[in-house]
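Going by UniProt numbering, the residue at position 213 of the sequence shown is 213; the numbering climbs one at a time, nothing skipped.
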Amino acid sequence: MGEHSMKKITWTIKNFSSLQHEQKWFGEESPRWGRVSMFPLNEIHAKESGYLVNGEFKIVAEIEVIAAIGKLDIAEETSTIIETMDVNGFQLFPSQMELVSRLLERHPEIASDIRTKNPNLRMGYMSLLLSLIETLRQSPHKLSKTDLAEADAALGSLTNAEFKLDWLEKKLDEMAEKKEKEEAGEARVREIEEDLKDLNQKCSDLEAQLEKQKLELSAAKAPISFDDLDRRTIMEKQSRKKITWTIKNFSSLQCQKLCSDPFVVARCKWRLCTYPKGKNVDYLFLFLEVADHDSLPCGWRRNVRYSLSIINQNSVKRSRQNDEQKWFDEKTPRRGRVSMFPLNEIHAKESGYLVNGELKIVAEIEVIEVLGKFDVTEETSTITETMDVNGFQLLPSQMELVSRLLERHPDIASEFSTKNPNLRTGYMSLLLSIIETLRHSPHELSNTDLAEADAALGSMANAGFKLDWLENKLDEMAEKKEKEEGGEIRVREIEEELKDLKQKCLDLEVQLEKEKLELSAAKAPISFDDVM
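Below, the structure written as structure tokens:
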């Protein structure tokens with residue numbers, strides 16, 4: 001009760017100014033003031049009247065509170081009514097003030113030629129200009145060509161209204177150019193990514209082809225089979241043996257590798273080896289090794305069934321054992337496990353593996369088959385003895401192979417008429433030399449070797465030996481030699497092709513990275529720092 005306020009109110013319906021000015025007291029009896037018939041509705045709704053634009057009707061109220069009696073309604077201004085301020089004849093919202101001020105400061109002539117006086121239209125044009133600037137501040141990636149076309153049309157409208165916007169027109173051209181670069185860049189990036197994908201697939205296919213070719217080459221390099229003639233060990237008592245290796249002061253050993261004394265199983269020398277401190281891991285590395293593998297001739301192989309055990313001296317059940325059957329050869333002269341047993345368990349107190357500083361290892365070895373020469377010969381006499389086999393004087397070392405040969409091919413020398421014992425022995429030695437030659441890998445034989453073997457085989461045939469089976473072996477070796485040479489050429493060709501492809505991939509990846517950087521630059525918003 002008793003609250004009064006004096007307010008000076010100006011009502012403005014925007015369109016070349018239709019104004020009503022009044023000064024009134026507002027109180028309990030008169031809490032509102034205005035005009036019932038301020039403006040004809042038919043004029044407001046009239047086509048092209050300017051009062052309704054895009055369905056919008058704007059009212060501006062200018063209010064000046066001259067006096068207020070009684071309590072204020074609100075401690076501070078929190079009204080939702082949007083206030084505007086005049087800047088150079090443009091009604092602006094507070095949020096537009098800073099930008100327009102900078103704009104007019106940088107371009108004072110921007111609106112110097114505008115003929116429009118209607119404040120509503122002036123405000124609309126300025127809002128359009130600010131919206132256009134805000135549009136061009138976005139990343140080209142966020143704008144479509146339609147957006148740019150509409151921006152160009154808006155710029156035309158502002159230019160027609162006599163705004164001086166040459167600087168903004170340049171920004172629009174810059175944005176259009178960046179948009180074009182962005183689209184071209186994205187297309188180029190997609191093309192390069194597709195090309196790179198295709199190249200990578202070709203590399204994968206070529207690597208698979210190379211691996212296949214290498215496997216075929218490896219097969220071509222493998223010696224031909226003489227399974228029916230290969231020397232095999234006679235399974236004697238010596239073909240199986242159990243060895244116990246006791247390593248003293250194991251915990252204090254400083255050496256990297258420790259080996260047992262050599263021992264013989266089936267006329268082959270072996271030894272056990274270990275890395276007491278592990279090999280790159282904290283596990284005991286234990287393995288069985290052919291003792292003198294470096295001195296053995298090419299082509300030797302041994303098929304062995306073996307077990308390696310680390311003995312728990314307190315409980316046999318806790319002993320660790322590794323059983324395997326493997327071929328030992330010049331490429332793999334040793335077999336075992338890098339991580340057979342954790343060292344911390346071996347060294348653990350009362351673990352049972354170390355007793356009085358001793359570690360016990362038991363190896364059980366059974367030599368199943370030996371291809372090539374034995375390490376230990378049975379002959380120790382310096383006198384060379386020979387024995388007669390089917391009229392051929394043979395050395396003891398030749399006995400087994402020739403016996404197998406005559407057993408498998410009993411008619412081999414049925415038409416061999418030479419009676420001279422020395423010549424007979426010479427021919428048999430030549431035959432064994434041909435067989436020994438053809439046992440080599442094709443990689444180890446030249447075409448000259450094969451030609452000489454063919455000549456020697458011809459000599460044997462002329463002397464009356466029946467060697468069709470050996471001729472087939474020679475043909476097989478010649479075919480493998482041809483495949484080997486062709487395979488090596490093909491492997492080199494694929495490796496070169498793969499090298500070129502991988503280089504192209506690298507070049508394309510560099511190009512792709514460059515295109516992505518350029519695309520990123522094209523997607524960046526244009527700068528307005530130079531004009532605002």
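Don't be surprised by glycine CBs; every beta carbon is placed ideally from N, CA and C.
Computed from a predicted structure; not experimentally measured.
Within the same chain, Cβ atoms closer than 6 Å to the Cβ of Arg137 are found at Pro525, the five residues on either side in sequence being excluded. The beta carbon of Gln325 sits closer than 6 Å to the beta carbons of Arg305 from its chain, once the five residues preceding and following it are set aside; these are given in chain order.
Checking the DSSP bridge columns, you'll see Thr159 has no partner listed. Comparing alpha-carbon positions, the option among Asp323, Leu210, Asp195 lying closest to Leu508 turns out to be Asp195. Inter-residue distance for Ala68 and Trp25 is about 10 Å (C-alpha atoms, whole angstroms). Scanning His293, Ala291, Ser251, Cys268 for the CA closest to the CA of Pro276 turns up Ser251. Going by beta carbons, Ser309 and Val389 fall outside the 7 Å limit. Non-local C-beta neighbours of Asn344 in its own chain, meaning closer than 7 Å and more than five positions away in sequence, comprise Asp282, ordered along the chain.
A direct Cα-Cα distance of roughly 43 Å separates Ala291 from Glu497. Counting other Cβ atoms within 10 Å of its Cβ, Met126 reaches 16 or more and is therefore classed as buried. Just so you know, the alpha carbons of Asp173 and Phe93 end up roughly 29 Å apart. In this structure, the CA atom of Ser239 is about 14 Å from the CA atom of Leu371.
Restricting attention to Ile133, Gln23, Leu519, the CA atom closest to the CA of Ala187 is found in Leu519. In this structure, the CA atom of Leu158 is about 15 Å from the CA atom of Leu148. Within the DSSP secondary-structure output, Lys360 pairs in a beta bridge with Thr246. For a cut-off of 8 Å, the C-beta gap from Cys273 to Lys257 is around 6 Å, short enough to register as a contact. Each residue's CA atom was taken as its position, placing Val367 and Arg267 some 10 Å apart. The Cβ-Cβ distance between Leu217 and Gly487 falls below 7 Å.
At the C-beta level, Leu210 and Cys505 stay beyond 7 Å of one another.
In the structure shown, Leu371 adopts extended strand secondary structure according to DSSP, grouped into three states. In this structure Cys203 touches Lys502 by the C-beta definition: roughly 6 Å separates them, less than 8 Å. Within the DSSP bridge table, the entry for Trp270 names Phe263, Val290 as partners. If you draw a straight line from the Cα of Thr332 to the Cα of Gly185, it comes to about 55 Å.
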